[in-house]
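There are 2 protein chains.
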Amino acid sequence: MSSSAEAPLRVALLGCGVVGASVARLLVENRDDLTARIGRPLDIVGIAIRRLGRDRSDVPVDPALFTTDADELVTRADIVIEVIGGIEPTRDLILRAMEHGASVVSANKALLAEDGPTLYAAAHEAGVDLYYEAAVAGAIPILRPIRESLAGDRITKVMGIVNGTTNFVLDKMDSTGAGFAETVEVAQSLGYAEADPTADVEGFDAAAKAAILASLAFHTRVSSSQVHREGIAEVTAADIAAAAEMGSVVKLLAICERVNSPAGEAVSVRVHPAMIPRTHPLGGVRDAFNAVFVESEAAGQLMFYGRGAGGDPTASAILGDLVAVARHRVEGGRGAGESAYADLPVLPMGAALTRYHISLDVADRPGVLAAVASAFAERGVSIETVRQQVVPRERDGRAESGANLVVVTHRAPEAALADTVDALGTIDTVREVVSVMRVEGD
Amino acid sequence: MSSSAEAPLRVALLGCGVVGASVARLLVENRDDLTARIGRPLDIVGIAIRRLGRDRSDVPVDPALFTTDADELVTRADIVIEVIGGIEPTRDLILRAMEHGASVVSANKALLAEDGPTLYAAAHEAGVDLYYEAAVAGAIPILRPIRESLAGDRITKVMGIVNGTTNFVLDKMDSTGAGFAETVEVAQSLGYAEADPTADVEGFDAAAKAAILASLAFHTRVSSSQVHREGIAEVTAADIAAAAEMGSVVKLLAICERVNSPAGEAVSVRVHPAMIPRTHPLGGVRDAFNAVFVESEAAGQLMFYGRGAGGDPTASAILGDLVAVARHRVEGGRGAGESAYADLPVLPMGAALTRYHISLDVADRPGVLAAVASAFAERGVSIETVRQQVVPRERDGRAESGANLVVVTHRAPEAALADTVDALGTIDTVREVVSVMRVEGD
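See below:
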């Protein structure tokens, strides 16, 4: 800690990419406001970067502050802001910073989701703060509301659009009717998707955020490896069209749910595309915006909406944490540590309760509906709605009558639903399973 | 404070109406979770009510805890929850509680908006906490995000639907086409409006919330008497129809804006009905829901949505504050005190920059548009769009040609706009000013 009550607090910045540069600039531009709000000025004592020599004129600080020696930098700071990302060497740097008495503000979803408990334990040991609002949904204040505002309530569900790239792609597929591959190319050309979009489109990014949200919402350790993950690469124009016919849109959702399983209370944490009604608060989230929908016993339904990425929005979240951590340095006190007392089991995906929307291309013959309905009934899956429509088409050059059969189920164990879909594929009169999509948002 | 580290924290509840009963019930039902999250149990040591003898069987506590002696009760608590409302005797009770070392959680928007600085000063003096998340927008976490999450950012605008009654009435007018008076009666019969709906429909409730939001967002003292206030009693079916033609809805908005006036930075704080596009995040807020839209320099646009009233939703916000305050008792530290360092001037309404939508019934004669346009130009008001449409009608039993002229202005000083409307009313060829409504949300 600083020695004098009036001395500036020493801030070290690890990383100076898009987010780091925004953080540095805002620290300089908002210096007077920050000083007034904290009660002491903040001084940037160093910015760790991988190599010197690049043009950093966009960052309005003394160039002498740039250093490649992050190991040394973290030993002489009151607060360390980490925007490097990744697991190593970041974890070591954070632990080292804490050992040297620094509080840490991080935007590192991957590390928090993989090994949050280690960081929390080190923070507890060192008596310092660990804050990471920017790790989930960028500028949107969501972790503090879950950790603090809803701390007297019981959260039952958190469901979020927490990845801007995939929301941009799905929204464009919805508005243009285009397929997945070409839409990703558009997103890449506009800067909404990276050259290698795997982390986003395969749901890895969203899964890390789901793990963090579930851990905080349910006071239970959930790591990213425990999150069932499906990306959007398999979402077809036919899926989007099927959703549109239902008055719905397809969104990649991070879903964290409190479940009363036969063995007692448990949590289900998963990331997958799902249909959601356009009238649902999440249904209207366009472009690359993020939003998180929260249900709790007393508060009811809440939604938090805003920008999930970008330099300045992410920096806003980081600076909010920075002010909290700095106030603790000035006024005393500490933020809440890890809260994992509930220690609820994380259900395997097969035991999650989901709803399916299934679109089938079937022969227009007697007995088809009976065969299909039996496949559901035999697996204990209850059907909510069914709609059959004759569709004229050709097969091998000859006109033949076929039909489109759309089934929406009630909530049922995921395993039973998946098994039902497999069984449908083996029915003679089912020519093709056109689209299978989970349904969320009643 | 409690003497032993393991002793329960003593909680006194002032008031046991709908919200108080929910707070008491949740304190009992969630006792184990609260203990785990705080690190010590909470004990209700008393519930102050106006008179004994009423049936309180809905409140699952020892009936001996009810007392009419609030003055005495507040002297023997670590934390006092105030849900009585009103100015006196509530203010005295809160000050007395603080003098006796209790932290205070309040839902009292009227008192906070009228005399927040006195409460903050007393809390500072006594070294205790003052929290009041439930005072604005019920269950929606909005004060904590503004005070803490956005503490490193610069908020430029807060615009909220913060009164459920008026939103219910305006939403129903929009969906049914009915007038104000009959819709209020419907709202009363459904329990969405009180027998005397003045505080809601005249905007007093929203104005108090606007004062609180502006104070926190701009680090400037704003009291409810400084808030320009217009209710919805004058909103007509014609206004709603005019908004619908623009693809907009009419909402009662609490608007807090940072303004660069000629004399420097200032704030404008006002409550009035305004047209807002249906596609704006606030445009889709239906029924009695609340939502607050926040714009800041780094974070960009954010929105917070949820239930603004009701026993359990309000209790959720109160319990979140309670956990924060209780953690401070256990772990040390204190929440942020008053932050009014920016001390920005509050602009009079005439200096606020607003946009108007004006619908006129005019004669279909040459020169009408010129006369109308001149009235705007002479007062320096720039017109954004104008639309004229001939409407066949009768006057004194004879067919005559008339037209509907709709003008939407750019942003201009409110005084110039109001003056322009007055001038329009004196133009011979303007038969009637059909609707005048401010426009928000670009």
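One line per chain: the protein sequences are A and B, in this order. Everything in the first sequence is counted per my numbering, starting at 1016 for the first residue and increasing by one. Everything in the second sequence is counted per my numbering, starting at 1016 for the first residue and increasing by one. All residues carry an ideal CB built from backbone N, CA and C; glycine is no exception. If you're wondering where the values come from, they're calculated on a predicted model, not measured in any experiment.
Q: Verify the CB distance criterion: does L1049/B have a CB-CB separation below 9 Å to chain A?
A: At a cut-off of 9 Å between beta carbons, L1049/B contacts chain A.
Q. Is G1335/A helix, strand or coil when you go by DSSP?
A. helix
**Q.** Nearest to E1129/B (by Cα), restricted to the options G1101/B, A1324/B, E1353/B
**A.** G1101/B
Q. Checking contacts by CB at 9 Å: is Y1147/B closer than that to chain A?
A. no
Q: State the Cα-Cα distance for the pair S1239/B and L1317/A, rounded to the nearest angstrom.
A: 27 Å
Q.
Does the contact criterion of 3 or more C-beta pairs under 8 Å hold for the segment 1208-1221 of chain A versus the segment 1171-1184 of chain A?
A. At 8 Å Cβ cutoff, the stretches touch.
Q.
Can you check whether the C-beta of L1024/A is within less than 9 Å of a C-beta belonging to chain B?
A. False, the Cβ-Cβ gap to chain B never drops below 9 Å.
Q.
Beta carbons nearer than 7 Å to chain B: which residues of the segment 1149-1181 of chain A have them?
A. A1154, I1155, P1156, R1159, P1160, E1163, S1164, L1165, A1166, G1167, D1168, R1169
Q | Neighbour-count burial assignment, H1425/A, 16 or more Cβ in a 10 Å radius | A | exposed
Q: Kindly provide the ranges of any beta strand (DSSP E) runs that are 3 or more residues long and lie completely inside the segment 1135-1179 of chain A, ordered along the chain.
A: 1170-1176
Q: Go through its chain and collect everything with a Cβ distance to A1138/A's Cβ below 6 Å, but skip five positions before and after it.
A: M1113, L1145
Q: Indicate whether at least one CB of chain A lies closer than 9 Å to the CB of R1052/B.
A: yes
Q) Do V1264/B and R1293/B have their C-beta atoms closer together than 9 Å? A) yes
Q: With DSSP as the reference, label E1272/A as helix, strand or coil.
A: strand
Q: Report yes or no: do three or more beta-carbon pairs, one from the segment 1304-1318 of chain B and one from the segment 1379-1397 of chain B, lie closer than 8 Å?
A: no
Q. Taking Cβ to Cβ, would you say V1167/A is nearer than 9 Å to A1313/A?
A. Before going further, note that residue 1167/A is Gly rather than Val in the sequence given. In contact: G1167/A and A1313/A (Cβ atoms closer than 9 Å).
Q. Based on Cα-Cα distance, which residue from F1081/B, L1057/B, R1069/B lies nearest to D987/B?
A. Lying before the first or after the last residue shown, residue 987/B is absent from chain B, which here runs from 1016 to 1457.
Q. Nearest CA to the CA of G1335/B: which residue from R1446/B, E1148/B, N1275/B?
A. In this structure, E1148/B is the residue among R1446/B, E1148/B, N1275/B with its C-alpha nearest to the C-alpha of G1335/B.
**Q.** The beta strand (DSSP E) enclosing A1221/A, as first and last residue numbers
**A.** No beta strand (DSSP E) holds A1221/A; the alpha helix (DSSP H) holding it covers 1219-1233.
(Q) Can you give me the C-alpha to C-alpha distance between I957/A and V1423/A, rounded to a whole angstrom? (A) The structure shown does not extend to residue 957/A, since chain A spans only 1016 to 1457, so no value can be given for it.
(Q) Can you pull the chain D neighbours of D1327/B, defined as C-beta to C-beta under 8 Å? (A) Within the model displayed, chain D is absent; protein chains A and B are what it includes.
Q.
I want to verify the contact list: residues of chain A whose CB lies under 9 Å from the CB of Y1135/B, in sequence order.
A. Ordered by position in chain A, no residue passes the 9 Å Cβ test against Y1135/B, which lies about 15 Å from the chain.
Q) Whose CA, out of V1199/B, P1132/B, S1072/B, A1289/B, lies closest to the CA of I1227/B? A) Nearest of V1199/B, P1132/B, S1072/B, A1289/B to I1227/B, Cα basis: P1132/B.
Q) Is it true that the CB of E1455/A sits closer than 9 Å to the CB of R1402/A? A) Their beta carbons are not under 9 Å apart, which means R1402/A does not touch E1455/A by this criterion.
Q.
Tell me which residues share the same chain as S1331/B and place their Cβ nearer than 7 Å to its Cβ, disregarding the 5 neighbours each side in the sequence.
A. A1154
Q. Which one of G1175/A, L1029/A, C1031/A, L1088/A has the shortest CA to CA distance from G1299/A?
A. Here the closest residue by C-alpha is G1175/A.
(Q) At the 9 Å Cβ level, is I1479/A part of the contact set with chain B, yes or no? (A) It is not possible to answer for residue 1479/A, since the shown part of chain A is limited to 1016 through 1457.
Q) Comparing alpha-carbon positions, which option in A1366/A, A1122/A, L1337/A, R1446/A lies nearest L1024/A? A) L1337/A
**Q.** Same chain only: Cβ atoms within 7 Å of G1325/A, ignoring 5 sequence neighbours per side
**A.** Only residues of its own chain outside the window of five on either side were considered, and among them G1153 have a CB closer than 7 Å to the CB of G1325/A, listed in chain order.
**Q.** Selection from L1108/A, A1367/A, A1390/A that minimises the alpha carbon distance to S1118/A
**A.** If we check each option's Cα against that of S1118/A, L1108/A comes out closest.
**Q.** M1290/A - partner residues in DSSP beta bridges
**A.** Looking at the DSSP assignment, M1290/A forms a beta bridge with V1265/A, V1454/A.
Q.
Below 9 Å on C-beta distance, what does P1296/A contact in chain B?
A. Near P1296/A (Cβ distances below 9 Å), the residues of chain B are G1299, Y1320.
Q. Are the C-beta of N1045/B and some C-beta of chain A separated by less than 9 Å?
A. yes
Q. Is the Cβ-Cβ distance between L1268/B and R1162/B less than 9 Å?
A. no
Q: Give, in chain order, every unbroken run of the beta strand (DSSP E) that is at least 3 residues long and sits entirely within the segment 1073-1118 of chain A.
A: DSSP runs (the beta strand (DSSP E)) wholly in the segment 1073-1118 of chain A: 1094-1097.
Q. Would you say Y1356/A faces chain B, with C-beta separation under 9 Å as the test?
A. So, interface residue.
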